[in-house]
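Q: Protein chains in written order, with the UniProt record's numbering: chain A, 1 to 196; chain B, 1 to 196; chain C, 1 to 196; chain D, 1 to 196.
4 protein chains.
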Amino acid sequence: MKMRTNRQLKALETKNRLIDAALRTFSRKGFSQSTTKDIAKEAGVTDGLIYHYFQSKEDLLWAILDKYTLLHSLQEVLNKMDNQASLEHNLTVYFHSLFRSLHEQQDLIVMCFGEAQHNSDVRKRLEGVIRQGVELLHAYLAPRVRVATHDLLIAIRNIQTAMVLYFLMTDRFADNETDRNKYIETSVRQFLKVLQ
Amino acid sequence: MKMRTNRQLKALETKNRLIDAALRTFSRKGFSQSTTKDIAKEAGVTDGLIYHYFQSKEDLLWAILDKYTLLHSLQEVLNKMDNQASLEHNLTVYFHSLFRSLHEQQDLIVMCFGEAQHNSDVRKRLEGVIRQGVELLHAYLAPRVRVATHDLLIAIRNIQTAMVLYFLMTDRFADNETDRNKYIETSVRQFLKVLQ
Amino acid sequence: MKMRTNRQLKALETKNRLIDAALRTFSRKGFSQSTTKDIAKEAGVTDGLIYHYFQSKEDLLWAILDKYTLLHSLQEVLNKMDNQASLEHNLTVYFHSLFRSLHEQQDLIVMCFGEAQHNSDVRKRLEGVIRQGVELLHAYLAPRVRVATHDLLIAIRNIQTAMVLYFLMTDRFADNETDRNKYIETSVRQFLKVLQ
Amino acid sequence: MKMRTNRQLKALETKNRLIDAALRTFSRKGFSQSTTKDIAKEAGVTDGLIYHYFQSKEDLLWAILDKYTLLHSLQEVLNKMDNQASLEHNLTVYFHSLFRSLHEQQDLIVMCFGEAQHNSDVRKRLEGVIRQGVELLHAYLAPRVRVATHDLLIAIRNIQTAMVLYFLMTDRFADNETDRNKYIETSVRQFLKVLQ
DNA sequence: GATGAATGAGTATTCATTCAT
DNA sequence: TATGAATGAATACTCATTCAT
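Okay, here's the thing in structure tokens:
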């Protein structure tokens, strides 16, 4: 019984190692330029094993998307917000954790943006995440500002997508955090103007 | 002499047909999933001819980027702006033409965003276009609003990248223009608040 | 353990079959006119398998050269020479085994001579074999004849290269062994005159 | 009429330029690795023109073999031999001009040896040349030495093929002429022993 | 569960050859 | 005579996938 469980655990670990290896590889090279050999090597297993755990290379893609979710940590950040603090302070904290989150899941983000352009399944998934991200912040802001729902949604969507693109094109290649701090500070200030 | 020119013209036309076919194919399937056979078929020529005009498949990518430029039409729109009209009106006109421009060059945009994630050459190119787009609108707005340069640049960057992402993820799949009109109207209104 | 070894043995056998098939094909058609498809077919495997065992078609060429060596059997013949017998007899025996050796490794010889003309790596290899062949016979003859080293080396080189060329151009297409016997007998007689 | 002739002359010149370019290219890369594009470029004409003068790439090979012959100059050398001089001197002169001849027609020789291994037409041609070369020297030597015909033929064949191979493998890559001079001197001395 | 040998369809690229101009 | 655009079959090599062990 114990051995059985042990074995199952080891199997699960191998499966996870494969998913993570696939994510890293897809992120680096893009889905179709990543070979199953690449992934197996990255995971430290032999070629054929992928097909013991997954039906196909594409199946690995779905497994990645099922395993990871971008928004958990952000929800937690919002839950722990200090209601005594100013909105400006809290939004700054929130966007900083958004950037942290993006950094931690850089591979996933990069892969999703790359694939979304010509893979409608990935795109729908990405759309869902964006919508949920908007709803998350909306749920927090709605009771705290006097802005019409429709306007608020668009404002949130715009600031967040702009930030994601800033991350993708600039921030992730930058060494220093000064630029990011300035960027967030300015963006928050401007966002507050919109919320007035 | 005339015959010579005629033949050369026809050759140039074929070359252009190949570039356009490649753009459409890359946009639809992504660069690495597009086969040279696909491209040749799309252009209505045989496989080998690609290599009469281009050194490699990647060479076709550069030829596309060399041929097309996103920002010409936007510059013209800004040049023709009515200085008597309100800023709100002019910005609305400008962003509408941005969307029109994105639609016209949809294939190019989609391809660039898809490739930029794991092709640093394409990414640098895309960065350049984004920067130039920001400078374009900045040159127009700087003398008309009282906002510190750094702030203005970030505001412009944010609104424009948000719009491009809205185009990529939503607008280009939508049938009706109502959503877009509303989106632009709201975004412009919020952008004006930032500029105050 | 045994099963593992069995499988590995089978794999090694396949690899060797590929090397031999490549040798036969290169010899028949020349390196660059031999297709990987030809080789795979000759080996009785599918196209792709070549690249499981070898990095490239050229890699197969090196594998051939690594596997085969022309001179082993000749060394053995020299070792077993009867010191009681006359030099003429022993040389005749030696040259006969040279021809036998050339016949046995006909494919390799033909391929090497064909490729050496425009592949400097192969040429260097062939030069090495020729030099070693000269040294082999020199080591045997030096203590047995009174000829200056330099002269002896040239005499050996000349007789042996002449024989190889006779093999390549004439002998390998001939049916009867009479011509060869006469050729060897005459050549040995003339070689002995040189050694006096 | 004159213009016609002029044009014909120019055409002949172009054809010859193509043959020479093909010889150089075949010699450098081997027949099948030489492309018609290579040859056209080397000749300074456009791709298609080859097929105005020749039926195929192989046709160019035959044109080369038809145009060039190795033995003319050697015949002349033999004709001009000084009958007062010693045999050793005359043979030395002869073999020196053999090497000069080989050098002058290096491209042709290299190409023929490379192709002969897997192209029986070329091989037959090469055999013919070797046989004629043997007969040439035999005609000169027969009345001057007392050796049985069969023996003399083999002696001549051996020394000459050995020299050709020495040229192919060593001499043509050497800078200094000292080695060659020594080689010829020694070989002649040994050859004279055979002729005794 | 894990290995890696084997498959075979697919892919970028090459190249001899043709032909309209 | 000369050009070079166009063809299309061929080729080295890749890679997702299967499967016997």
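Here a beta-carbon is modelled for each residue, glycine too, at the ideal position from N, C-alpha and C.
How should C/His118 be labelled, buried or exposed, when 16 other C-beta atoms within 10 angstroms of its C-beta is the threshold for buried?
A: Buried.
Q: Taking Cβ positions only, does A/His138 come closer than 8 Å to chain B?
A: No - not a single Cβ of chain B is within 8 Å of the one on A/His138.
Q: Does A/Asp179 pass the burial test, meaning 16 or more other C-beta atoms within 10 Å, or should it be called exposed?
A: Exposed: under 16 other Cβ atoms inside 10 Å.
Q: In chain order, what residues of the same chain lie with their CB nearer than 6 Å to the CB of B/His72, ignoring the 5 residues before and after it?
A: Cβ within range, chain order: n/a, list empty.
Q: Which same chain residues, not among the five before or five after D/Ala43, have their C-beta less than 7 Å away from its C-beta?
A: These residues qualify, in order along the chain: Arg17, Leu18, Ala21.
Q: Determine, for A/His118, whether the minimum Cβ-Cβ distance to residues of chain B falls below 8 Å.
A: For A/His118, the answer is yes, since a Cβ of chain B falls inside 8 Å of its Cβ.
Q: Tell me the start and end of each unbroken beta strand (DSSP E) in the segment 103-161 of chain D that is at least 3 residues and wholly inside, in chain order.
A: Counting only runs of 3 or more, we get nothing.
Q: Does any residue of chain D have a CB that is nearer than 8 Å to the CB of C/Tyr68?
A: No - not a single Cβ of chain D is within 8 Å of the one on C/Tyr68.
Q: Quick test of the definition: if touching needs 3 or more C-beta pairs under 8 Å, does the segment 33-50 of chain D touch the segment 85-93 of chain D?
A: Touching, no.
Q: Any beta-carbon of chain C closer than 8 Å to the one on D/Thr149?
A: D/Thr149 does not count as touching chain C.
Q: Return helix, strand or coil for A/Phe191, following the three-state DSSP convention.
A: In the structure shown, A/Phe191 sits in a helix (DSSP, three-state: H, G or I).
Q: Report yes if the C-beta distance between B/Ile154 and B/Leu137 is below 8 Å; otherwise report no.
A: No. Outside cutoff.
Q: Under three-state DSSP, which class holds B/Gln84?
A: In the structure shown, B/Gln84 sits in coil (DSSP, three-state: anything other than H, G, I, E or B).
Q: Start and end of the alpha helix (DSSP H) containing A/Leu61?
A: First-last of the alpha helix (DSSP H) with A/Leu61: 57-67.
Q: In three-state DSSP terms, what is C/Glu177?
A: Looking at C/Glu177 - three-state DSSP - the assignment turns out to be coil, as it is neither helix nor strand.
Q: Using a cut-off of 7 Å between C-beta atoms, extract the partners of B/Val110 located in chain A.
A: Here the neighbours are Gln117.
Q: In angstroms with no decimal places, state the Cα-to-Cα distance between D/Arg172 and D/His103.
A: In a straight line, the C-alpha of D/Arg172 is about 7 Å away from that of D/His103.
Q: Does any C-beta atom of chain A lie closer than 8 Å to the C-beta of B/Lys193?
A: Output row for B/Lys193: interface = yes.
Q: Cutting at 6 Å between CB atoms, please list the residues of its own chain near D/Ala63, excluding the five before and the five after it.
A: Cβ neighbours of D/Ala63 beyond the five flanking positions: Ile19.
Q: Which bits of chain C does D/Arg28 rub up against, with CB to CB less than 9 Å?
A: Within 9 Å Cβ-Cβ: His118.
Q: Tell me whether A/Leu12 is buried or exposed, calling it buried when 16 or more other Cβ atoms sit within 10 Å of its Cβ.
A: It is exposed - the Cβ of A/Leu12 has fewer than 16 other Cβ atoms within 10 Å.
Q: Which of the three DSSP states, helix, strand or coil, is assigned to C/Gln75?
A: Helix.
Q: Indicate whether the contact test is met: 3 or more Cβ pairs, each with one atom in the segment 101-116 of chain C and one in the segment 116-130 of chain D, closer than 8 Å.
A: Yes, the segment 101-116 of chain C touches the segment 116-130 of chain D.
Q: Taking A/Asn181 as the query, report the chain B residues whose CB atoms sit under 8 Å from its CB, ordered along the chain.
A: What A/Asn181 touches in chain B: nothing, since even the nearest Cβ is about 13 Å away.
Q: Mind checking if D/Glu88 is an interface residue toward chain C, Cβ cutoff 8 Å exclusive?
A: With 8 Å as the cut-off, D/Glu88 does not count as an interface residue toward chain C.
Q: Is any non-hydrogen atom of the ligand PLP found closer than 7 Å to the C-beta of A/His96, if you look at the structure I gave you?
A: As far as ligands go, the structure on display features none, and thus does not contain the ligand PLP.
Q: Please say whether B/Phe191 and B/Gly108 have beta carbons closer to each other than 8 Å?
A: Here residue 108 of chain B turns out to be Leu, not Gly, going by the sequence shown. Not in contact: B/Leu108 and B/Phe191 (Cβ atoms no closer than 8 Å).
Q: I need the straight-line Cα distance from C/Thr35 to A/Gly30, nearest angstrom please.
A: Rounded to the nearest angstrom, the two C-alpha atoms are 32 Å apart.
Q: Could one say the Cβ of C/Asn158 lies closer than 8 Å to chain D's Cβ atoms, at least one of them?
A: C/Asn158 counts as touching chain D.
Q: Is A/Gly30 helix, strand or coil when you go by DSSP?
A: A/Gly30 falls in the coil class under three-state DSSP.
Q: Put B/Gln8 into one of helix, strand or coil per three-state DSSP.
A: In this structure, B/Gln8 counts as helix in the three-state DSSP scheme.
Q: Can you tell me whether DSSP reads A/Phe54 as helix, strand or coil?
A: The answer is coil: DSSP assigns A/Phe54 none of H, G, I, E or B.
Q: Expressed to the nearest angstrom, what Euclidean distance is found between the alpha-carbon atoms of B/Lys37 and D/Gln33?
A: So the two alpha carbons sit approximately 26 Å from each other.
Q: Looking at the secondary structure, which residues open and close the alpha helix (DSSP H) in which B/Asp38 lies?
A: That run of the alpha helix (DSSP H) goes 36-43.
Q: So, for D/Gln160: in the same chain, excluding its five sequence neighbours on each side, which residues have a beta-carbon less than 8 Å away from its beta-carbon?
A: Around D/Gln160: Leu98, Ile130, Gly133, Val134, Leu137.
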